[in-house]
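Heads up, the thing below is written out as structure tokens.
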């Protein structure tokens, strides 16, 4: 019985440690920003990417349905990007050795992912305004 209590306590600690690592790294905010950026660009950039990959058909016009929601998705992307920036670029908290937040490689990887998602959000923001220049 004491072994069961010990294993439950260890699993609780590992789950709380994972939640703390997620909060410290900004992983969820980065993921939310990426998803919101992809949804924001679905109306305009999505059909262009699909045509570039060789897909075609009248059904590509259905992506225009996402156009009214574009400002909402962009707003969500910018808010998520702000929270990710706040988590990633704040001073490193005191971490125990062996935790993910203690490794400099992990922090630099999150910074690279952050800037990649920021570029995706920037592209989805300006793409509809730049698109007429290509016609």
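In the working numbering, the protein residues as written are 1 to 135. Where is the CB? At the ideal position from N, CA and C, for every residue including glycine.
*When DSSP labels each residue in this structure, what does residue 53 get in the three-state scheme?*
Coil, per DSSP.
*Anticipated Cβ contact below 8 Å, residue 124 with residue 53, distance rounded*: That pair is no contact at about 18 Å.
*Terminal residues of the continuous alpha helix (DSSP H) containing residue 90?*
In this chain, residue 90 is not harboured by any alpha helix (DSSP H), its DSSP state being neither H nor E.
_Our contact map puts residue 87 next to residue 43 with C-beta atoms below 8 Å; I'd like the distance itself, whole angstroms only._
The pair is not a contact, with the Cβ atoms about 29 Å apart (cut-off 8 Å).
*Any chance the CB of residue 81 is under 7 Å from a heavy atom of the ligand SAM?*
Ligands displayed in this structure: none; no statement on the ligand SAM is therefore possible.
*Please determine, among 41, 74, 73, the residue with the shortest C-alpha to C-alpha distance to residue 131.*
Nearest neighbour of residue 131 by Cα position, chosen from 41, 74, 73, turns out to be 41.
*Specify, as a first and last residue, the run of the alpha helix (DSSP H) that residue 124 falls within.*
Segment 104 to 130, the alpha helix (DSSP H) holding residue 124.
_Output needed for residue 97: all residues of its chain with C-beta closer than 6 Å, excluding positions within five of it in sequence on either side, in chain order._
Closer than 6 Å at Cβ, skipping near neighbours: no residue.
*asked:* Could you compute how far the alpha carbon of residue 84 sits from the alpha carbon of residue 121?
replied: So the alpha carbons of these two residues sit roughly 13 Å apart.
*For residue 42, does the three-state DSSP call read helix, strand or coil?*
Looking at residue 42 - three-state DSSP - the assignment turns out to be coil, as it is neither helix nor strand.
*asked:* So for residue 47, helix, strand or coil by DSSP?
replied: In the structure shown, residue 47 falls within a helical segment according to DSSP collapsed to helix, strand and coil.
*Roughly how many whole angstroms lie between the Cα atoms of residue 109 and residue 37?*
Those two C-alpha atoms are separated by around 20 Å.
*Quick one: Cα of residue 33 to Cα of residue 55, how far?*
Spanning the alpha carbons of residue 33 and residue 55 requires a straight line of approximately 27 Å.
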